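Take 1 as the starting number for the sequence shown in UniProt numbering and just add one per residue. Written out below as structure tokens is the structure these notes cover.
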Amino acid sequence: MAATRGFGIDVGGSGIKGALVDLDTGEFIGDRVRIDTPQPATPDAVADVVVEIVRRFDWDGPVGVTLPAVVKQGVAHTAANIDPSWIGTDADALFAKRLGLARDDVAMLNDADAAGMAEMRFGDPAVRTGVVALLTFGTGIGSALFDDGKLMPNTEFGHIEVDGHDGETRAAASVKDHEELSYPQWSARVDRYLTVLENLIWPDRFVVGGGVSKKADKWVPLLTNRTPVVAASLQNNAGIVGAAAAAAEGIEP
Numbered sequence: 001m002a003a004t005r006g007f008g009i010d011v012g013g014s015g016i017k018g019a020l021v022d023l024d025t026g027e028f029i030g031d032r033v034r035i036d037t038p039q040p041a042t043p044d045a046v047a048d049v050v051v052e053i054v055r056r057f058d059w060d061g062p063v064g065v066t067l068p069a070v071v072k073q074g075v076a077h078t079a080a081n082i083d084p085s086w087i088g089t090d091a092d093a094l095f096a097k098r099l100g101l102a103r104d105d106v107a108m109l110n111d112a113d114a115a116g117m118a119e120m121r122f123g124d125p126a127v128r129t130g131v132v133a134l135l136t137f138g139t140g141i142g143s144a145l146f147d148d149g150k151l152m153p154n155t156e157f158g159h160i161e162v163d164g165h166d167g168e169t170r171a172a173a174s175v176k177d178h179e180e181l182s183y184p185q186w187s188a189r190v191d192r193y194l195t196v197l198e199n200l201i202w203p204d205r206f207v208v209g210g211g212v213s214k215k216a217d218k219w220v221p222l223l224t225n226r227t228p229v230v231a232a233s234l235q236n237n238a239g240i241v242g243a244a245a246a247a248a249e250g251i252e253p
């Protein structure tokens, strides 16, 4: 029996990634394609890359696309780590036009929301109950909040104030690289960030994703905050998987 397939693209501050996804298992079909995010990451420049990735797979079905932005009814309302010209852009219409698809065949999602949806569906069953905050550590910090598996879309917990700073400017994975911090040094910042967040929302569990989750064993055990922290089961693939599922099933939070 053939697997149900979908196509997802995850737009990040440093890279744009796409893949075919087996929607029965949450696994990629074949290899992922990654292209550096253009600078500046304007809507037209990003759309050029998205079109290139889709064409490489000869895919003509629905496409799910994530953005590091608040997305409501397909419109971007913020622009974290992409060009400010995204604000107010009807991303649904832009990608539908550029990909030659009907608007309903494009699903636009906040990147962390897409990742969280994938974790709820394909990840550890333990994260599907209670209040769970998924956090993606990359160029910035994305967030998705769930209550018994139900998404509260477009949270922006990466931007909470931590000791007078925007949280992601202190604890994003990109900061670790830029400042050449060791894992113990960086984990202390993550620990402080999580402590501030858990005092605001009192979750039952944190799920940490993004590229740095591949090396969760180097830093998650160093965290001391009271809320249990687990690495994302799908690691940095979750955004693509969640986007693909949303597009195939006509879901837009």
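Virtual Cβ for every residue (Gly too), placed ideally from N, Cα, C. All values derive from a computational prediction rather than experimental measurement.
- Val230 is not a Cβ neighbour of Asp113, given a cutoff of 8 Å.
- Secondary structure note for Ile29: it is in no alpha helix (DSSP H), and the uninterrupted beta strand (DSSP E) holding it is Glu27 to Asp36.
- Listed as beta-bridge partners of Leu151 by DSSP are Phe146.
- Under the three-state reduction of DSSP, Leu181 is assigned to coil, being neither helix nor strand.
- Within the model, the alpha-carbon separation for Gly250 versus Val127 is close to 24 Å.
- DSSP places Ile9 within a strand segment (E or B) once states are collapsed to three.
- Of the other Cβ atoms in all chains shown, 16 or more fall within 10 Å of the Cβ of Arg189; this residue is therefore buried.
- Classified as exposed, Ala102 has fewer than 16 neighbouring CB atoms from the shown chains inside 10 Å of its CB.
- Bounds of any alpha helix (DSSP H) do not take in Leu109; it lies within the beta strand (DSSP E) bounded by Val106 to Asn110.
- Nearest to Leu197 by alpha-carbon distance, out of Leu151, Ser14 and Val131, is Val131.
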